[in-house]
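S.K.: Just so you know, the sequence shown maps onto residues 1 to 359 in UniProt numbering.
Heads up, the beta-carbon is just placed ideally off N, CA and C, and yes, glycines get one too.
None of the values given here were measured: they were computed from a predicted structure.
Take a look at this one; I'll ask things after.
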Amino acid sequence: MPIDYSKWGKIEVSDDEDDTHPNIDTPSLFRWRHQARMEKMAENEKKKKDLENQKKDINNHISELKEKLESTTINDEERNDYQKKLDNFLKQLNDFKEKEKQFEEMLAKQPWNVDTISSEKFSKSRINKKKDEYKPKTPEDAYENMQNVLEQHKASIEKYKKCNGISEISNCLRTYPEIVCEEVANYLTIEALNHAIMEEENDLVRVATNVQYMQYIIQLSNELKIPPNTYVMVNRFFDKVMQNNETFKKDHTIQLDEFLSKLRHRGKVKRDEALKEIEAEEKAERIKNSPKGIDPLEVLESLPEEMRLCFEERNIEKLQQVATTMDPQVFKYHFQRCKDSGLWVAGDDEGEAEEKEEK
1 MPIDYSKWGK IEVSDDEDDT HPNIDTPSLF RWRHQARMEK MAENEKKKKD
51 LENQKKDINN HISELKEKLE STTINDEERN DYQKKLDNFL KQLNDFKEKE
101 KQFEEMLAKQ PWNVDTISSE KFSKSRINKK KDEYKPKTPE DAYENMQNVL
151 EQHKASIEKY KKCNGISEIS NCLRTYPEIV CEEVANYLTI EALNHAIMEE
201 ENDLVRVATN VQYMQYIIQL SNELKIPPNT YVMVNRFFDK VMQNNETFKK
251 DHTIQLDEFL SKLRHRGKVK RDEALKEIEA EEKAERIKNS PKGIDPLEVL
301 ESLPEEMRLC FEERNIEKLQ QVATTMDPQV FKYHFQRCKD SGLWVAGDDE
351 GEAEEKEEK
């Protein structure tokens, strides 16, 4: 009984909800992204509260130290100690103002979405009446139908997702045949893809296997014209089709391997895309913070080995020695790039390496 996996031939998880691949179940994808957005919003809210609490704590310390400095009963040693602590907290306060500014700028740059563009005024739940051949007309209808199915059978779906092995799968679907449908199969496929992206191999194999058995039942139900989410269909599959069927077992192994291969490939593609995006963001941040708009990491990697080791070890004395042995023009060129990129930060030792090079 070969399974047609063409609908998952190219699993796409686009970052643009307005442009998704036709082979992907859009409602499941929307739900997945919605959850990610909500988690990100909660994380940002936590960061904001943490900053406020830390700033409040610093202000309390500052007020306390100012009161102590105004006292006429403290000696000079205590006064100096309090003043040093006050200066330190004032510096921390200035640093926090910069952090707050950066945090607000980051929030301002984030695009609006359905969770932030407006506030909820009315809330209601709607459960559609069961229809034998319900086909959503629009992505919105499909999304609503998906949400209804997943919400209605949430507990039993979670139990099935954790099933390991044919015995547990059979017992679970015999107990909860109502979860056998395309909506649940598509949801579990996205869950399997999540495990592939995170390289969680055991979870990937388990969930992908569960998807495959559900698809077997759905395909057989289409051939027999029997609803898949019924005791009759589920029991017929496990009692008749699988009983002492070596051909089925062989086909099952081949099809599972093909499905896993597609999931692993797509997971790697999405993982690589995410890493490239992170690297691009980190590079942009480094360039933004550099004095002359030059990536300090690229500068470090382009340095002659003896200079690069000095910066990696943060050894100024060794750098001064390199300045006396290296070609003056070569050293001057690379050292200037270090300053322009922020790799060399001005301080008490500023200019010493250059002086060595000039000598």
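For Ile157, does the count of other Cβ atoms within 10 angstroms reach 16, so buried, or fall short, so exposed?
M.R.: That one is buried.
S.K.: Count the other C-beta atoms from every protein chain shown that fall within 10 angstroms of the C-beta of Asn186, then say buried if there are 16 or more, exposed otherwise.
M.R.: Counting Cβ neighbours within 10 Å, Asn186 comes out buried, since at least 16 surround it.
S.K.: With a CB to CB cut of under 8 Å and the five nearest residues on each side skipped, what residues in its chain are close to Leu173?
M.R.: Cβ within range, chain order: Tyr160, Ile179, Val180, Tyr213, Met214, Ile217, Val234 and Phe238.
S.K.: Looking at His265 and Leu303, is the spacing between their C-beta atoms short of 8 Å?
M.R.: Going by C-beta atoms, Leu303 is not nearer than 8 Å to His265.
S.K.: For Gly165, which three-state DSSP category applies?
M.R.: If DSSP states are grouped into helix, strand and coil, Gly165 belongs with coil.
S.K.: Tell me the rounded alpha-carbon separation between Glu12 and Asp141.
M.R.: Its pLDDT being 43, under 50, Glu12 is placed unreliably in this model, and the coordinates cannot settle the point.
S.K.: Use the C-beta contact count for Pro328: other C-beta atoms within 10 angstroms, 16 or more gives buried, fewer gives exposed.
M.R.: Under this definition Pro328 is an exposed residue.
S.K.: Measuring CA to CA, which of Asn229, Glu282 and Ile74 is closest to His153?
M.R.: The shortest Cα separation from His153 among Asn229, Glu282 and Ile74 belongs to Asn229.
S.K.: Quick check: Leu297 and Leu260, are their CB atoms within less than 8 Å of each other?
M.R.: Going by C-beta atoms, Leu297 is not nearer than 8 Å to Leu260.
S.K.: If you draw a straight line from the alpha carbon of Ala310 to that of Val207, how long is it in whole angstroms?
M.R.: The identity of residue 310 in the sequence shown is Cys, whereas the question assumes Ala. So the two alpha carbons sit approximately 50 Å from each other.
S.K.: Which of the three DSSP states is assigned to Met326 in this structure?
M.R.: In the structure shown, Met326 sits in coil (DSSP, three-state: anything other than H, G, I, E or B).
S.K.: Return the first residue and the last residue of the alpha helix (DSSP H) that Tyr176 is part of.
M.R.: Run containing Tyr176: none; DSSP gives neither H nor E here.
S.K.: Between the beta-carbon of Gln147 and the beta-carbon of Phe96, is there less than 8 Å?
M.R.: Taking 8 Å as the Cβ cut-off, Gln147 and Phe96 do not qualify as a contacting pair.
S.K.: Measure how close the beta-carbons of Leu263 and Leu220 come, nearest whole angstrom, since I'm counting them as under 8 Å.
M.R.: Not really, about 23 Å apart at Cβ, beyond 8 Å.
S.K.: I'd like the list of long-range same chain contacts for Ala196, defined as Cβ closer than 7 Å, with 5 residues on each side in sequence excluded.
M.R.: Around Ala196: Leu204, Leu263, Arg264, Arg266 and Gly267.
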